[in-house]
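These notes concern the structure reproduced below.
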Amino acid sequence: MEYLTIPQFAERMQVDERTVQRWVAAKAIKYIRINRTVRIPASQLAQRETVVAK
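Going by our numbering, the first residue of the sequence shown is number 168, and it counts up by one from there.
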């Protein structure tokens with residue numbers, strides 16, 4: 168499974184990094200923490216695109 172950093176996820180979603188940080192804080196997307204770094208599964212891209220498209 169591929170994991171993305173917040174900047175990578177934001178770039179692929181074409182949104183601001185702060186937007187992704189808000190999604191993480193609101194637990195709107197699944198993520199894991201490795202030490203103090205947030206990693207988001209690439210599978211969340213397709214799920215989030217569906218939500219954003221609506």
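The beta-carbon is built from N, C-alpha and C at its ideal position, and this holds for glycine as well.
Coarse secondary structure for residue i, derived from DSSP in three states
i: residue 203; result: coil
Buried versus exposed, by CB contacts within 10 Å (16 or more), residue i
i: residue 192; result: exposed
i: residue 215; result: buried
i: residue 177; result: buried
Contact belief for residue i with residue j at Cβ below 8 Å, rounded distance in angstroms
i: residue 171; j: residue 213; result: Incorrect: roughly 13 Å between the Cβ atoms, too far for contact.
Backbone CA spacing between residue i and residue j [nearest angstrom]
i: residue 185; j: residue 199; result: 17 Å
i: residue 183; j: residue 204; result: 18 Å
i: residue 174; j: residue 181; result: 10 Å
i: residue 169; j: residue 206; result: 9 Å
Extent of the continuous alpha helix (DSSP H) to which residue i belongs
i: residue 178; result: 173-180
i: residue 184; result: 184-192
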